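Residue numbers (the working numbering): 88 to 607.
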């Protein structure tokens with residue numbers, strides 16, 4: 088049954104008067120506007136939801152979901168005793184069920200705001216002297232669906248733009264890399280040995296505290312090293328081993344040659360400088376490199392366009408196929424003369440002395456790590472039988488560990504087949520069509536090191552600062568702040584207050600940093 092609202096029900100005499108006095112259209116239009124306003128009084132209760140939608144925010148799972156309970160509230164406020172509002176509510180509930188069947192052309196032609204809707208309703212009433220309630224409800228539904236789609240589209244664009252912002256290398260960092268490379272060519276001080284010859288014996292001395300950083304990011308390495316030195320109670324005992332690739336070696340060497348962290352010692356070594364004479368070691372390292380390259384190529388090959396586009400975005404993340412991330416599995420080959428090392432990611436700030444972590448008793452375990460909030464199920468696909476097979480003994484609810492800050496027993500590692508297991512699972516994931524886990528260097532490590540991880544106190548590692556801002560207490564108490572996530576501290580999308588913590592370990596008066604705009 089259709090419901091109509093008319094401006095009035097005139098008597099016969101009044102109708103005659105109306106014909107004789109057509110000079111009152113303005114008053115009648117005002118009356119119609121008043122009727123429309125009264126009819127839409129219930130809709131005004133939805134205004135908060137509409138404003139939220141127009142602003143790009145969402146207080147409910149969907150616009151229509153919010154409006155349904157607002158419709159119920161309007162029904163309660165107006166009494167629901169057979170008046171026009173009750174009829175409107177009934178039409179609303181029925182219209183909501185039919186909303187999904189609306190013609191896209193109708194949705195696109197819907198008004199963009201409540202004011203526009205009221206203007207259209209006023210026009211309809213002025214033209215026909217009555218208002219089709221079903222048409223009103225469908226028009227409102229079309230308007231809300233249009234707004235809802237705009238919000239979703241806006242959110243997708245915002246997420247995509249944020250994703251792109253997290254991938255790019257800021258112009259200031261490009262500038263810094265180029266200036267350091269230029270300095271290496273023209274300034275002999277930038278080419279001086281790192282470390283100086285008199286400090287070289289420390290590189291293999293077990294009495295020192297050795298920290299390894301595998302990175303191609305000069306600025307991040309500078310902050311990680313500077314913060315560790317500043318936080319140490321015995322900085323003269325620290326020896327940093329920075330492993331980088333060939334393209335980043337020159338600016339990395341130049342930075343630490345021109346910015347010594349005395350009394351600590353820094354070694355900078357490129358992958359091209361490792362003189363491995365053991366054929367087995369060379370074959371093992373090459374196996375990892377070739378597998379990462381093969382996975383990178385095959386990851387993009389997919390027939391389904393939606394999946395292909397998703398994989399393109401995922402593969403564009405710097406960590407997905409970063410060769411240096413995967414080469415962490417060769418720490419025993421990188422440091423054959425060391426028995427123990429602290430592995431530090433480059434996106435960290437050290438806030439406490441690391442001596443306590445260095446002295447952790449690992450027993451026969453290989454890695455000491457913090458049990459983070461994520462589980463194995465967050466990293467591995469337990470719906471695949473390769474992962475869920477009982478022979479592996481994995482449980483999706485078991486706590487997972489993470490890179491960021493780890494103490495590593497290299498002597499025990501060398502007596503195991505952990506590296507081979509890691510490489511095997513890299514191959515399995517590629518052969519499965521990347522079903523076992525989303526590409527990354529951590530998931531195969533969770534499998535390879537299973538049963539050989541010693542849990543350490545949570546205070547040593549606070550991850551996720553690239554995803555959210557933590558509470559003040561863990562921020563103050565944690566030894567290492569890890570900016571895991573897309574909002575790296577050197578990017579404009581970083582959380583401002585956390586970025587300041589990171590920038591605090593850079594010398595704001597440094598000529599290179601000022602010239603490139605790294606610091607204000």
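Quick reminder that beta carbons are idealized off the backbone N, C-alpha and C, glycines included.
Values in this document were obtained by computation on a predicted structure and should not be read as measured data.
- The continuous stretches of alpha helix (DSSP H) do not include residue 569, which lies in the beta strand (DSSP E) extending over residues 567–569.
- Across the set 281, 204, 240 and 348, the C-alpha of 348 shows the shortest separation from the C-alpha of residue 312.
- A Cβ-Cβ contact shorter than 8 Å links residue 418 with residue 495.
- In the DSSP assignment, residue 331 falls within the unbroken beta strand (DSSP E) covering 325–331.
- Taking each of 481, 303 and 503 in turn and checking the Cα distance to residue 340, the smallest one comes out for 303.
- The beta carbon of residue 350 is closer than 7 Å to those of 322 and 323 in its chain, skipping five residues each way along the sequence.
- By a beta-carbon distance limit of 8 Å, residue 546 does not contact residue 559. Their separation comes to about 15 Å.
- Listed as beta-bridge partners of residue 360 by DSSP are no residues whatsoever.
- Between the segment 422–430 and the segment 506–526 there are fewer than three C-beta pairs closer than 8 Å, too few to call the two in contact.
- Distance from residue 450 to residue 541 at the Cβ level is roughly 7 Å; contact confirmed, criterion being Cβ atoms closer than 8 Å.
- Look at residue 412 here: in three-state DSSP terms it is helix.
- The Cβ-Cβ distance between residue 344 and residue 278 falls below 8 Å.
- Collapsing the DSSP output to three states places residue 427 in a strand.
- Residue 281 and residue 431 have their C-alpha atoms spaced approximately 19 Å apart.
- Within the model, the alpha-carbon separation for residue 605 versus residue 346 is close to 16 Å.
- Checking the DSSP bridge columns, you'll see residue 437 partnered with 567.
- Put simply, the backbone Cα of residue 410 is about 17 Å away from that of residue 507.
- The C-alpha of residue 585 lies about 50 Å from the C-alpha of residue 223.
- Counting along the chain, residue 516 sits inside the alpha helix (DSSP H) bounded by residues 505–518.
- Excluding the 5 residues flanking it on each side, residue 354 has same chain C-beta neighbours closer than 6 Å at 282, 290 and 328, in chain order.
- Secondary structure of residue 606 (DSSP, three-state): coil.
- Residue burial annotation: residue 510 is buried, with at least 16 other C-beta atoms found within 10 angstroms of its C-beta.
- Residue 585: member of the alpha helix (DSSP H) spanning 583–590, first to last residue.
- Distance from residue 536 to residue 505 at the Cβ level is roughly 6 Å; contact confirmed, criterion being Cβ atoms closer than 8 Å.
- Straight-line spacing of the CA atoms in residue 200 and residue 575 works out to 39 Å.
- Cβ neighbours of residue 334 within its own chain (closer than 8 Å, five residues either side excluded): 303.
- Under the three-state reduction of DSSP, residue 562 is assigned to helix.
- For the pair residue 501 and residue 454, the Cα-to-Cα distance works out to about 13 Å.
- Under the 8 Å Cβ criterion, the segment 480–495 counts as touching the segment 428–445, having at least three qualifying pairs.
- For residue 480, no beta strand (DSSP E) encloses it, and the DSSP letter there is neither H nor E.
- In the three-state DSSP reduction, residue 541 falls in the strand class (E or B).
- The bridge partners DSSP lists for residue 462 are 486.
- For residue 367, the enclosing alpha helix (DSSP H) has its first and last residue at 366–386.
- In the structure shown, residue 309 falls within a helical segment according to DSSP collapsed to helix, strand and coil.
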